[in-house]
DNA sequence: CGCTCCAATGTAATCGAAATCATCGATAAC
DNA sequence: GTTATCGATGATTTCGATTACATTGGAGCG
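Right, here's the structure in full:
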């Protein structure tokens with residue numbers, strides 16, 4: 005409640021001195037500092053944030069937009085972001101865009117109003133108004149992309165090698181002897197899906213199995229996992245393995261498999277993507293691609309802080325390591341019996 | 005980038021008129037308004053947030069602290085909070101406290117610096133410094149508690165009837181014929197656990213089964229579900245049903261059951277709590293208590309906005325409806341064979 | 001015709017802290 | 001002994017918007 009003026013009066017010094025006690029204590033005599041500290045304690049003074057922000061033109065906040073906060077993959081990334089931001093003295097403004105452009109635009113406006121020093125977006129879309137700013141200001145615009153990588157956006161980013169990871173999954177399945185593989189992707193407008201699909205196709209072609217691929221387009225939700233996997237299983241020439249582009253869809257796939265009286269992995273092998281905390285506790289334990297979610301969070305914050313501190317040079321698109329975690333949801337295909 | 009002064013000059017009006025165009029357009033002549041709007045578009049003006057906030061002493065932000073954002077229960081609540089806040093023109097400052105008091109205190113300081121107009125905390129602890137403010141300012145302090153209810157805190161809150169819900173679970177189990185029931189709680193310092201435990205004990209006593217209860221204290225994590233349930237199952241006089249105070253711990257319990265070669269529900273029935281999105285896709289589908297997570301989020305925001313708008317009278321502790329969802333993880337106990 | 005009233009707009013104070021520039025006293029240098 | 005230097009602190013401007021109050025010009029009225 006108290007202002008810096010009241011503290012100054014109470015301590016018998018000027019406001020400048022009070023300010024210095026906080027921002028440059030080495031310039032203030034020990035005795036004076038003590039007087040000020042006492043006055044601060046006496047009055048319960050806390051510097052007003054808006055005033056400080058107006059003067060310094062900095063907010064010490066990072067705006068983070070995410071397509072769906074209730075998705076455990078994203079909430080783990082957010083956790084990493086929050087941790088790294090806090091450690092650097094920044095706090096996190098959260099925007100759940102629910103995949104809606106209107107909400108993305110609302111948050112873009114917040115950025116333009118300077119309610120945050122920087123923006124981290126975890127989806128694949130950057131609102132046009134922000135893309136214009138990026139085009140005008142170049143790589144020093146404090147906007148960073150996490151989880152996805154779309155070269156055209158011209159912003160720094162941190163993500164895994166989605167194409168390579170998906171190819172590894174296919175190698176694993178082909179290695180087990182599978183030939184007919186079903187794939188449940190996410191929406192193909194996002195690089196995260198199209199890159200993985202590219203990896204799938206490349207591996208399939210290497211093995212001469214491209215024509216035996218069955219592709220279904222999901223939306224990363226459990227329900228779409230149930231539905232799309234069900235459709236794949238009901239086609240003639242049922243796949244002996246299904247690769248879902250998220251663990252949540254794989255959970256749905258398990259349900260579809262069970263609904264049809266099939267067993268995983270004996271009848272159908274299943275692979276997910278992300279390695280959310282629950283993947284290893286499913287029945288059967290899920291084979292999946294482990295993404296370093298918290299590390300992605302840390303990394304995007306680091307990239308952003310570099311830009312804010314003017315330490316950043318060119319764009320950086322950081323590829324973090326992933327890992328194929330083979331558990332018990334994958335096995336050789338059933339014999340011809 | 006442009007300031008209100010530049011817009012005013014460009015449009016040939018005063019800054020007051022520009023400001024009015026945004027905050028009270030009905031006071032401005034249509035022609036004047038048009039000139040201003042054009043200048044705004046020309047210069048790409050966006051009102052500076054810090055300046056506005058300093059003048060109005062309002063931030064239009066709500067600080068939300070949560071013990072663990074990566075917990076799907078909390079992230080669903082957060083989702084409701086975000087939605088309701090956005091609808092009312094507020095944005096969400098997220099604080100992941102990781103159950104650490106030090107982080108809670110950091111966020112408390114943010115509140116005191118007025119970086120947010122109000123605080124919603126989803127844990128069970130309110131830092132002392134804030135408790136003092138509540139004690140001094142009374143029920144008009146813009147602080148609201150979600151999910152938990154601790155009468156001594158003297159803040160408004162929204163939550164379910166945890167005691168009643170837990171009692172219903174026990175009635176369900178006793179109704180199926182179970183007599184030896186194991187319970188895995190959360191930390192008993194939080195009302196969310198102690199209230200549920202009170203409900204469990206009350207129901208057990210009604211049925212004369214209190215002495216057959218086995219209580220283990222977990223921490224809501226999957227791992228603690230594995231460990232504590234494992235311990236219960238290894239005791240002599242193994243329980244025929246286990247009630248975990250969270251779905252995550254129930255997932256761990258399923259794992260513990262499987263590890264011992266037991267089947268759920270044939271050998272051991274299992275009940276969770278929360279009804280997170282994954283509960284109905286586990287194998288077997290989990291019987292659990294459904295909490296209205298998004299609604300809790302909406303409600304705490306409503307309570308907070310009432311306080312901020314000076315609409316609030318006395319404290320409100322809102323109990324929202326829960327529902328016992330019986331799925332296939334509960335069945336009658338195995339016969340004496 | 002002169003006065004009141006009101007709609008439309010302008011002037012300027014204000015919010016609270018940061019930062020630049022000015023001041024003052026004391027010490028050091030010549 | 002005078003002046004340059006420096007450390008410590010104070011006075012004042014500034015950040016950019018909001019808003020209370022002042023001003024202006026015209027319509028309405030007697």
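Residue numbers (our numbering), protein chains in the order written: chain A, 5 to 341; chain B, 5 to 341. Even for Gly, the Cβ is constructed at its ideal location relative to N, Cα and C.
Taking the alpha carbon of residue i as the reference point, which residue from the options has its own alpha carbon closest?
i	options	result
residue 226(B)	15(B), 249(B) and 126(B)	249(B)
residue 245(B)	267(B), 224(B), 60(B) and 222(B)	267(B)
residue 91(B)	124(B), 309(B) and 316(B)	309(B)
residue 177(B)	195(B), 272(B) and 87(B)	272(B)
residue 314(B)	143(B), 197(B) and 100(B)	143(B)
residue 137(B)	151(B), 338(B) and 112(B)	112(B)
residue 326(A)	280(A), 193(A) and 88(A)	280(A)
residue 205(B)	278(B), 230(B), 254(B) and 173(B)	173(B)
residue 264(A)	29(A), 152(A), 215(A) and 238(A)	238(A)
residue 209(A)	185(A), 58(A), 191(A) and 228(A)	185(A)
residue 66(B)	44(A), 68(A), 72(A) and 98(A)	98(A)
residue 302(B)	259(B), 148(B), 253(B) and 43(B)	148(B)
residue 351(B)	228(B), 183(B) and 195(B)	In the structure as shown, chain B starts at 5 and stops at 341, and residue 351(B) therefore has no counterpart that could be examined.
residue 52(A)	60(B), 51(B) and 50(B)	60(B)
residue 123(A)	150(A), 140(A) and 139(A)	150(A)
residue 228(B)	57(B), 258(B) and 242(B)	258(B)
Against chain A, does residue i count as a neighbour if the rule is that its beta carbon must be under 9 Å from one of theirs?
i	result
residue 94(B)	no
residue 259(B)	yes
residue 76(B)	yes
residue 286(B)	yes
residue 296(B)	no
residue 63(B)	yes
residue 131(B)	no
residue 256(B)	yes
residue 100(B)	yes
residue 403(B)	This structure gives no information on residue 403(B), because the portion of chain B shown stretches from 5 to 341.
residue 42(B)	no
residue 86(B)	yes
residue 83(B)	yes
residue 57(B)	yes
residue 303(B)	no
residue 2(B)	Shown here, chain B extends from 5 to 341; a query on residue 2(B) therefore has no answer.
Determine, using beta carbons only, whether residue i comes closer than 9 Å to chain B.
i	result
residue 238(A)	no
residue 68(A)	yes
residue 126(A)	no
residue 121(A)	no
residue 231(A)	no
residue 79(A)	yes
residue 117(A)	yes
residue 331(A)	no
residue 277(A)	no
residue 113(A)	yes
Round the Cβ separation of residue i and residue j to the nearest angstrom and send it over; I've been treating them as touching at under 8 Å.
i	j	result
residue 180(A)	residue 336(A)	5 Å
residue 188(B)	residue 216(B)	Between residue 216(B) and residue 188(B) the Cβ distance is about 16 Å, and since that is not below 8 Å, they are no contact.
residue 11(A)	residue 44(A)	6 Å
residue 247(B)	residue 275(B)	5 Å
Which word fits residue i, buried or exposed, when buried means at least 16 other C-beta atoms lie within 10 angstroms of its C-beta?
i	result
residue 121(B)	buried
residue 74(B)	buried
residue 119(B)	buried
residue 193(B)	exposed
residue 46(A)	exposed
residue 203(B)	buried
residue 240(B)	exposed
residue 116(A)	buried
residue 95(A)	buried
residue 132(A)	exposed
residue 155(B)	exposed
residue 145(B)	buried
residue 108(A)	buried
(Q) Whether or not the stretch 282-298 of chain B and the stretch 122-132 of chain B are in contact is what I'm after, with contact meaning three or more pairs of Cβ atoms, one per stretch, closer than 8 Å; do they touch? (A) Too few Cβ pairs lie closer than 8 Å, so no.
Q) Does the stretch 193-203 of chain B come close enough to the stretch 158-172 of chain B to have 3 or more Cβ pairs within less than 8 Å? A) In the pairwise beta carbon analysis, the stretch 193-203 of chain B is classified as touching the stretch 158-172 of chain B: at least three pairs are separated by under 8 Å.
Q.
Tell me whether the stretch 72-89 of chain A and the stretch 80-89 of chain B touch, counting them as touching only if at least three CB pairs, one residue from each stretch, are closer than 8 Å.
A. A contact exists between the stretch 72-89 of chain A and the stretch 80-89 of chain B.
Q) At a cut of 8 Å, does the stretch 5-19 of chain B reach the stretch 36-47 of chain B through at least three beta carbon pairs? A) With a cut-off of 8 Å, the stretch 36-47 of chain B and the stretch 5-19 of chain B count as touching, because enough Cβ pairs lie within range.
Q: Taking 8 Å as the threshold, find out whether the stretch 218-236 of chain B comes into contact with the stretch 149-165 of chain B through three or more Cβ pairs.
A: In short, these stretches do not touch, since the Cβ pair count stays below three.
Q. On the three-pair Cβ rule with 8 Å, is the stretch 317-326 of chain B touching the stretch 100-114 of chain B?
A. Taking 8 Å as the limit for Cβ pairs, the verdict is that the stretch 100-114 of chain B does not touch the stretch 317-326 of chain B.
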